[in-house]
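Chemist:
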Amino acid sequence: MDGTRKAFSNESADHEADLAVYYDRQAPFGNARALTPHRTACREWFIRLLKEEHRHSMFELGCGTGVEGLEFVRAGLHYTGVDLSEESIHVARAKGLDASVASGRSLPFADAAFPAVWTMSTLLHVPNAGIHDVVRELVRVSAAGAPIAVGLWSGDDEEVLNPEDQDEPRRFFSRRSDHTLRRIFGAYGTVEHFETWPEGTGVESGPGAGNWTQHYQFLVLRTPPRPTG
1 MDGTRKAFSN ESADHEADLA VYYDRQAPFG NARALTPHRT ACREWFIRLL
51 KEEHRHSMFE LGCGTGVEGL EFVRAGLHYT GVDLSEESIH VARAKGLDAS
101 VASGRSLPFA DAAFPAVWTM STLLHVPNAG IHDVVRELVR VSAAGAPIAV
151 GLWSGDDEEV LNPEDQDEPR RFFSRRSDHT LRRIFGAYGT VEHFETWPEG
201 TGVESGPGAG NWTQHYQFLV LRTPPRPTG
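So in the working numbering the end of the sequence shown lands on 229, straight run, no missing numbers.
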């Protein structure tokens, strides 16, 4: 491992450790913010897409306490989730979900293990220096042709520790423009769906709402068929 990659690995590990501490503290309080109607509509649309394509199981990166995982299970899907926060995983498991502690940089699953992937507001915490490592892992564990749904808070391509977090350690945020986001994911397949909508300081206020230009970004990446032979 060269010096640059080792430095990134150490930086990412530090960010992940801080995130685990932050969300361990939040886990006992459950879901602090209700999802906006638009976010809920995207999940329902994705469920319909999976059923239309006869995809019966899925994976979620950044499952938290299992708020959306429960909805996928109620829709009849076999669900697997991972999160950095051990306390969040305890809560998710108490709800009966198949969930475990893992990092998106190294997922504990075989290649092509899942016919669909869902990750909302999680890749926000991955620095640009390492985003491709995580996206490659998502693609690796996805079956050929699988839809990978991603939701993120937008920004002006700025990476900071969240100024709104009042307790240390603060969360790391990488807020990406629409152009940057499409370029990153477009390197791994076809971005077949991309939409944005404003989300301010209402029911689900975004991180740093008063400090950055923001909207919510939702895309679906379709992975290409894998070569045979």
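Think of the CB as a built atom: it goes at the ideal place given N, C-alpha and C, for glycine as much as any other residue.
(1) Straight-line CA distance for R170 to T65?
(2) Distance, Cα to Cα, I89 vs L161?
(3) Taking the CB atoms as reference points, tell me whether F218 and C63 lie closer together than 7 angstroms.
(4) From V141, F172, W197, pick the residue whose C-alpha is nearest to that of G151; which is it?
(5) Is it true that the stretch 21–35 meets the stretch 176–187, where meeting means three or more beta-carbon pairs spaced less than 8 angstroms apart?
(6) Looking at F172 and H230, is the spacing between their C-beta atoms short of 7 angstroms?
(7) Tell me which residue opens and which closes the alpha helix (DSSP H) that R238 is part of.
(8) Just the Cα atoms here: how many angstroms apart are G210 and A112?
(9) Relative to the C-alpha of V139, which residue among A116, E195, A20, D157 is closest?
(10) DSSP three-state call for V134: helix, strand or coil?
(11) State the start and end residues of the unbroken beta strand (DSSP E) segment that holds H215.
(12) Just how far apart, CA to CA, sit V82 and F109?
Modeler: Taking the coordinates as given:
(1) The alpha-carbon of R170 is positioned some 20 angstroms away from that of T65.
(2) If you take the alpha carbons of I89 and L161, they lie about 24 angstroms apart.
(3) no
(4) W197
(5) Flag = no, the stretch 21–35 and the stretch 176–187 do not touch.
(6) For the chain, the structure presents residues 1 to 229; residue 230 sits outside this window and is missing.
(7) Because the chain here runs from 1 to 229, residue 238 falls outside it and cannot be looked at.
(8) Because the pLDDT at G210 is just 45, under 50, the model does not fix this residue reliably, and the point stays unresolved.
(9) A116
(10) Shown here, V134 sits in a helix according to DSSP, grouped into three states.
(11) No beta strand (DSSP E) holds H215; DSSP gives it neither H nor E.
(12) 11 angstroms
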